[in-house]
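Residue numbers for the sequence shown follow our numbering, so the first one is 1210 and each next one is one higher.
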Amino acid sequence: MTDLQSSGAATGTGDRSRPRAVLPAFCVTQITSWGIVYYAFPVLLPRLTDDTGWSVNAATAAFSLALLVSALAGIPIGRILDRRGPRAVMTFGSVIGTLALLLIAAAPNLPVFTCGWILAGVAMAATFYPPAFAALTRWWGPGRVRALTIVTLAGGLASTVFAPLTAALAEHLSWRATYAVLAVILAAVTIPAHALALRAPWPPAPPAPPSIDRTPVARSRPFLLLAVAFTLSGFAMYAVVMGIIPLLTERGASATTAAWALGLGGAGQTLGRTLYAALATRTSVTTRTVTLIALGGATTASLGFIPGPLPLLVVLAILAGVVRGNLTLLQATAVTDRWGTTHYGRLSALLSAPAHIAAALAPWASAALAVPLGGYPHLFAALAALSVVAACLALLASREGRARPLSRSVPGGKPASRSRTQRP
């Protein structure tokens, strides 16, 4: 698997014009979609369970089911994106998201509530980062890292904007009315933005170079090894996010202080995303993949093994957030860095689906494993070991790929050797 530089030769998009309205539209719609469909749920969960009598576990299971549906639905949606572009997919996703929230708000019982979240899972797959990343990758070509960074920075503000807004609405309205108001906001912002801003012609994908190894990319050992590496790393990363508060409270921090540490970790995540473009220009894809996954394990191990003082643990939580921010963009560029943009939507969905499933299971698994492992410090140690395994698999994936080179380009977009690639 050969490291590709961000060049027009690698992507086939070097001379392609960039639609001006797309980037600001995605910044707004990612904040709104993530903020309403994803981050409003934990804010409204206590009021929801108090009002309905449903257990926290049952309500959370419905939300987790939405994440699982999103991971699976992303694969066929990725195929559609490759062929037709993002406009119809993301506009339809916004409509589905609005209907899903209205169904959740009106749900008379838990089964209907769960059906609403299943529908919301389809909306997540059609409106969250993956389709936006596919669009930016095709339209922006060599400038994709900067565009992806801008959109993920905006997306990082989703909880900052909508968690307080949701809480403020819930102070004056029921949870059902709050979801109804949020559904109206979602429709008013995202449906016209996706329908109007994404009207630019969808450029054809660059042709795939002649194949020597006839194994499809999605079935190749490098692809499968990388998928496993991202799955293990993603599980560890999301389990750490869910476990940081109980870890710190076990070590004497108040719930408020632990929540601040989690929030500062989110700020570190935003900082990390601003650093990725510089990292991408100075390192090979193999180096940064292995290094970032290993750093994720190192920060997790530090949180597990260092008992204090509390300010030091907060600093470690921020550093862990910096690594998470870089890992988000690492996964967004993983396909183009190795296999180009020809089938980005489908390959990216296939690569990320297991990681998304792991992320959906991480909240439950981290709580379930903490007790038999002897507490959250031991859980964090186990998660750090998982990240080490993931880094080793990422390195092995790179070596497997170098045994069957795909293509190589140098800065400036000129091929350094004859292109050789695999079928998707």
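In this text, a Cβ means the ideal position worked out from N, Cα and C, and glycines have one as well. Note that this is a predicted model, so its numbers are computed, not measured.
Check: Skipping 5 residues on each side, what residues in its chain have a beta carbon closer than 7 Å to that of D1230?
Finding: Position 21 of the sequence shown, counting from 1, holds the residue named residue 1230. The sequence shown places Ala at residue 1230, not Asp. Cβ neighbours of A1230 beyond the five flanking positions: A1406.
Next item on the list: Buried or exposed for G1461, please, with buried defined as at least 16 other CB atoms from any protein chain shown within 10 angstroms of its CB.
Entry: Counting from one through the sequence shown, the residue named residue 1461 turns up at place 252. Label assigned to G1461: exposed.
Margin query: Assuming A1309 and A1332 are in contact, meaning their beta carbons sit under 8 Å apart, how far apart are those beta carbons, in whole angstroms?
Written below: In the sequence shown, counting from the first residue as 1, residue 1309 sits at position 100. In the sequence shown, counting from the first residue as 1, residue 1332 sits at position 123. Right, their Cβ atoms sit about 6 Å apart.
Next item on the list: Go ahead and label S1463 buried or exposed: buried means 16 or more other beta carbons lie within 10 angstroms of its beta carbon, across all protein chains shown.
Entry: Position 254 of the sequence shown, counting from 1, holds the residue named residue 1463. By the neighbour-count rule (16 or more Cβ atoms within 10 Å), S1463 is not buried but exposed.
Margin query: I need the DSSP call for W1349, collapsed to helix, strand or coil.
Written below: Position 140 of the sequence shown, counting from 1, holds the residue named residue 1349. Correct three-state label for W1349: helix.
Item checked: Separation of Y1553 from W1349, as counted between CA atoms -> Here residue 1349 is taken as the residue at index 140 of the sequence shown, counted from 1. Here residue 1553 is taken as the residue at index 344 of the sequence shown, counted from 1. Between W1349 and Y1553, the C-alpha separation is close to 13 Å.
Note to self: Going by DSSP in three states, P1251 sits in which element: helix, strand or coil?
What the structure shows: Counted from its first residue, the sequence shown places residue 1251 at position 42. Residue state, collapsed to three classes: helix.
Notebook entry, point to check: Helix, strand or coil: which one does DSSP assign to A1230?
Noted result: Within the sequence shown, residue 1230 is the residue found at index 21, counting from 1. It is coil, neither helix nor strand.
Next item on the list: State the DSSP-derived secondary structure class of L1357, mapped to helix, strand or coil.
Entry: Taking the sequence shown and counting its residues from 1, the one referred to as residue 1357 is at position 148. Of the three classes helix, strand and coil, the one that applies to L1357 here is helix, per DSSP.
Checklist line | Helix, strand or coil at T1176 [DSSP, three-state] | finding: Limits of the chain in this structure are 1210 at one end and 1633 at the other, which puts residue 1176 out of reach.
Item checked: Reduced DSSP category for S1264 - H, G, I as helix; E, B as strand; rest coil -> Translated into the one-based positions of the sequence shown, residue 1264 becomes position 55. In the structure shown, S1264 sits in coil (DSSP, three-state: anything other than H, G, I, E or B).
Check: Of the residues F1439, L1374, T1509, which one's Cα is nearest the Cα of Y1248?
Finding: Locating residue 1248 in the sequence shown gives position 39, where the first residue counts as 1. Minimum Cα distance to Y1248 is reached at L1374.
Notebook entry, point to check: Fully enclosed by the region 1452-1523, which alpha helix (DSSP H) runs are 4 residues long or longer?
Noted result: Listed in chain order, they are 1464-1491, 1494-1514.
Next item on the list: Report the rounded CA-to-CA distance for G1549 versus P1413, giving the unit in angstroms.
Entry: What you label residue 1549 is simply residue 340 of the sequence shown in a count that begins at 1. What you label residue 1413 is simply residue 204 of the sequence shown in a count that begins at 1. If I take the Cα positions, the gap works out to 13 Å.
Next item on the list: Could you check the C-alpha separation between L1488 and T1500 for me, to the nearest Å?
Entry: For the purposes of this step, residue 1488 is taken as the residue at position 279 of the sequence shown. For the purposes of this step, residue 1500 is taken as the residue at position 291 of the sequence shown. One C-alpha to the other measures close to 11 Å.
Check: How far does the alpha helix (DSSP H) with W1326 in it reach, from first residue to last?
Finding: Translated into the one-based positions of the sequence shown, residue 1326 becomes position 117. Per DSSP, W1326 belongs to the alpha helix (DSSP H) from 1319-1336.
Next item on the list: Could you tell me how far apart the beta carbons of R1497 and T1537 are, in whole angstroms, since I believe they sit closer than 8 Å?
Entry: Against the sequence shown, residue 1497 aligns to sequence position 288. Against the sequence shown, residue 1537 aligns to sequence position 328. With 8 Å as the limit, R1497 and T1537 do not qualify as a contact, their Cβ atoms being about 13 Å apart.
Next item on the list: Measure the beta-carbon distance from I1502 to A1599 and round it to whole angstroms, keeping in mind my assumption that it falls under 8 Å.
Entry: As a position in the sequence shown, residue 1502 is number 293, starting the count at 1. As a position in the sequence shown, residue 1599 is number 390, starting the count at 1. Correct: roughly 5 Å between the Cβ atoms.
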